[in-house]
Structure formats: structure tokens, C-alpha cells
């Protein structure tokens, strides 16, 4: 139980284009999901908290107009990187909150974004 | 604001020997997590520690929590090559957010 999927697992896009990443909780409903970014050999940095049916909450320094988050259902949150640039190349990981479970947060397998 | 520090950042291990990774955190945290990450992969949950004195063990890994010292440790017994990975600790902060330590990259050599 408590499986989280992400799609795509990797994506290459050209500078200036937009890319959408999906995060799904497969066997539970998640009112809250989180988006993280991880640069090579670094830790995970929380970008934003995605709440079903309401606006996402962004961490300080994260551009909300660049990283659009939509949590339209209890099992799906999407992150759209708009006008991507090479510095947006990173590993993006989502997690979904299952508050009644021991671990509370379950992580997706990640999406590697490369912007050329 | 919760801050989490891990040390060491890199640990070169010899097979068969014992090692410890330390995780200090700055303010009260509801729970403390340990994760493993293999290269190019996402996080694998190892342990969640809920209370002072909690100890969890799985195979060669044992995690403990001292809430008074705001310290958690991950102890590796008789290291084997399969344990080579990056290990992260994380504390739960306000808003159910997780704050991660910087990670400890473990390399087990024969």
C-alpha cells in the first residue's frame, strides 16, 4: 500500500518550453502533496506544498509563476515548469501525505528534467 | 524553523566494520525519519522514530532517537557493499513539512 507514481520518469526539453510532471497516489487519497527538487549530490529542498482544491504554498525563494502547481483531485498533483531554462534541470520528487499511516509521507520515484 | 544537520557528509567504510551517522536537529520535531537513496533513484523509507529512546532495527541498520539531545543516530553493523548509498535523516516541521539533513554518502569498500 501507499504507492506514489510520477510521470514522466525523465524528460528532456528545450529552453523556453514548458514541462508538466504528474504525481499520483495510487492506492490512497492525499489532500496534501509536496514537491521537492534535488540537485546532484545535494539534499532535497522543499519547493511547495500542494493542497487539494486550494492554492499551493510555496517556500521562500521559489517562483510560483515559474513552477505552477495544480492539485485538482485527491490523487493527482501536477507541477508545470514554465519557460524552462538549463538551470531548472534537476531531479524533481513528489510525496503524498497519508496521515493515518506510520510514515505519513510516501515518495514518488522522481522525474529527471534536463533542459537543453 | 527546524534545521537538520548530518555528519559526516561522506563515509568510506570497510566491509565488516561498524559505523555511525549522526543527525542533529534544532527544535522539537514530532518524528524523525531515516531514508536511503541509491544513485538516480528516489527515497526509500528506512525508519521512523516517534519518541524519546525509540530504537528501530532492520538487518544491519539500527536507528535511535534522543529527543532531549535532539540527536538521532543510524548505526551500521558489519558493513557490506550493498549498503553503499546516500542516507538522509529528516525531521517533521510545522505544516507537516519535512526538513532534510544534508545526507551522508556511504561507500563500502571490500
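Chains as they are written, first to last, in the working numbering: chain Y, 1 to 116; chain F, 1001 to 1110. Even for Gly, the Cβ is constructed at its ideal location relative to N, Cα and C. This one's a predicted model, so the numbers in the text were calculated from it and none came from an experiment.
Taking only runs of the alpha helix (DSSP H) that begin and end inside the region 14-83 of chain Y, which ones reach a length of at least 4 residues, in chain order? Runs of the alpha helix (DSSP H) lying entirely within the region 14-83 of chain Y and spanning at least 4 residues: none are present.
Within its chain, find whatever has a CB closer than 7 angstroms to the CB of residue 1019 of chain F; leave out the 5 residues flanking it on each side and keep chain order. Closer than 7 angstroms at the Cβ level, and outside the excluded window around residue 1019 of chain F, lie 1011, 1013, 1076 and 1079.
Look at residue 30 of chain Y and residue 98 of chain Y and say whether their C-beta atoms are less than 8 angstroms apart. Yes.
Please go through the same chain and pick out, in chain order, the residues whose beta-carbon is closer than 6 angstroms to the beta-carbon of residue 39 of chain Y, but skip the five residues on each side of it. Cβ neighbours of residue 39 of chain Y beyond the five flanking positions: 90.
Could you have a look at residue 1096 of chain F and say whether DSSP puts it in helix, strand or coil? The answer is helix: DSSP assigns residue 1096 of chain F an H, G or I state.
Alpha carbon to alpha carbon, what distance is there between residue 93 of chain Y and residue 109 of chain Y? Cα to Cα, residue 109 of chain Y sits roughly 7 angstroms from residue 93 of chain Y.
Selection from F:1083, F:1066, F:1004 and F:1106 that minimises the alpha carbon distance to residue 1058 of chain F: Relative to residue 1058 of chain F, the option among F:1083, F:1066, F:1004 and F:1106 whose CA is nearest is F:1083.
Just to make sure I have the definition right: I need the residues of chain Y whose C-beta is within less than 9 angstroms of the C-beta of residue 1096 of chain F. Which are they? Those are 32, 34, 49, 97, 99, 104 and 105, listed as they occur along chain Y.
Please check the pair residue 1004 of chain F and residue 1067 of chain F, which I expect to be a contact at CB under 8 angstroms, by giving their CB distance rounded to whole angstroms. About 14 angstroms; that fails the 8 angstroms criterion.
Out of Y:104, Y:87, Y:69 and Y:95, point me to the one whose CA is closest to residue 113 of chain Y's CA. Just measuring C-alpha positions, the residue of Y:104, Y:87, Y:69 and Y:95 sitting nearest residue 113 of chain Y is Y:87.
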